[in-house]
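Worksheet: one structure, shown below.
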Amino acid sequence: AIASGFLTGGVLAARGGWKAASRNAVIGGVLLGIIEGVAALLMKSTSKSPREMALEQMEQTQQMDEYQKRKDAGEISGMQSTWQYLQASGLAPSMGGASSSGSPA
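Residue numbering for the sequence shown follows this note's numbering, beginning at 4 and increasing consecutively.
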């Protein structure tokens, strides 16, 4: 991508002579280099590491197991069951003010 910016800047300024073409080629290459660098930094900072993904998956599995045990024991019924299933599967946000019975606030 950096080479394409270099070539594009040079070709577009070719009518102005070698001096203008070389200057614009360098500017085009530097600009695309900056853009690629920022994109790479953003990608790295927003992605999760394999360890983080594995820990998250283990936590979700544990939550699903706990939910299944409570459901089998008859502690959960009706809308409460649906809400807790969605929370355990990560499809619904966890309510900070929820009571210990697990019902939505």
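For every residue, glycine included, the Cβ atom is placed at its ideal position computed from N, Cα and C.
Cβ-based burial, residue i [other Cβ within 10 Å; buried from 16]
i, result
"G19", "exposed"
"A16", "buried"
Whole-angstrom distance between residue j and residue i, CA atom to CA atom
i, j, result
"A91", "G77", "17 angstroms"
"Q83", "E59", "23 angstroms"
"Y88", "A57", "20 angstroms"
"A6", "N27", "13 angstroms"
"K22", "A4", "23 angstroms"
"G12", "A43", "22 angstroms"
"A24", "L45", "32 angstroms"
"K32", "P53", "The sequence given here places Gly at residue 32; Lys does not occur at that position. Distance between the alpha carbons of G32 and P53 is about 34 angstroms."
"M67", "G93", "10 angstroms"
"W86", "D75", "16 angstroms"
"E55", "V14", "46 angstroms"
"V29", "G8", "8 angstroms"
Original post:
Are the region 60–79 and the region 26–43 in contact at 8 angstroms, needing three or more beta carbon pairs?
Top reply: no
**OP:** Flag this pair as touching only if the region 41–52 and the region 68–77 have three or more C-beta atom pairs under 8 angstroms; answer yes or no.
**Re:** Touching, no.
Original post:
Can you list the alpha helix (DSSP H) stretches of 4 or more residues lying completely in the region 26–103, in chain order?
Top reply: 53–75 and 81–92
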